[in-house]
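Numbering-wise (the numbering used here), the sequence shown opens with residue 2 and increments by one.
All C-beta atoms in this analysis are idealised placements derived from N, C-alpha and C, irrespective of residue type, glycine included.
Each remark here refers to the structure printed beneath this line.
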Amino acid sequence: MGKLARAKDRRAILEATKQDIWTIWYAAEHGKTERVRCLLEKGRVHVNVAEPHMQWTALHYAARHAHASVIQVLLEHHANPDALDKYGNSPLHLCAGYGSYECAVLLLEGGADTLCPNHEKATALDMATAMDHSDIRKLLQSWRPIELSMQEREAKARRIAE
């Protein structure tokens, strides 16, 4: 195979990859669970790839639009529940701010950090409180991950605050 043919193949692969990246964000935003699953299972796109403007991952899109089934698939494929956008918001911040209880539970079960502040120093709990989502506020106040003791959680909160 000549150099020109190899270069064309590489460009075609790159274009297909770019298309798949945009597709996973679109599919996550619009609740296309099986499309997301297909892209991930075929290895067409990395689960944690972030879009260039807001730095949202597919998990951010699914969280913002309350697509629990998409969140479940993304977490099964090892999506980072603590991925931060350009403002420091995690998917949990978005669930808390927009009021998606079911999605918040999934993210917490997937290991999301409840103490992570965004660039405005607001945690997901602060967002839920500000937006008057009392069910999510109560969930976040009562959430106790099994692997962390209260002392470990407090130490983590101090490290984040520094």
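Closest in C-alpha terms to Ala69, from the list Ala28, His47, Asn90, comes Ala28. When the beta-carbon positions are compared, Gly100 and Val71 stay at least 7 Å from each other. Rounded to whole angstroms, Ser135 and Glu155 show a C-alpha spacing of 23 Å. Contact between Thr34 and Val74 holds, since their C-beta atoms are separated by about 6 Å, short of 8 Å. Counting C-beta atoms within 10 angstroms of its own C-beta, Arg138 has 16 or more neighbours from the protein chains shown and is therefore classed as buried. For Gln142, the uninterrupted alpha helix (DSSP H) segment begins and ends at 135–143. In its chain, beyond the 5 residues on either side, His94, Ala97, Gly98 have a beta carbon closer than 6 Å to the beta carbon of Met128.
Taken through DSSP and simplified to helix, strand or coil, Val74 comes out as helix. In chain order, Leu126 place their CB closer than 8 Å to the CB of Gln142, counting only its own chain and leaving out the 5 sequence neighbours on each side.
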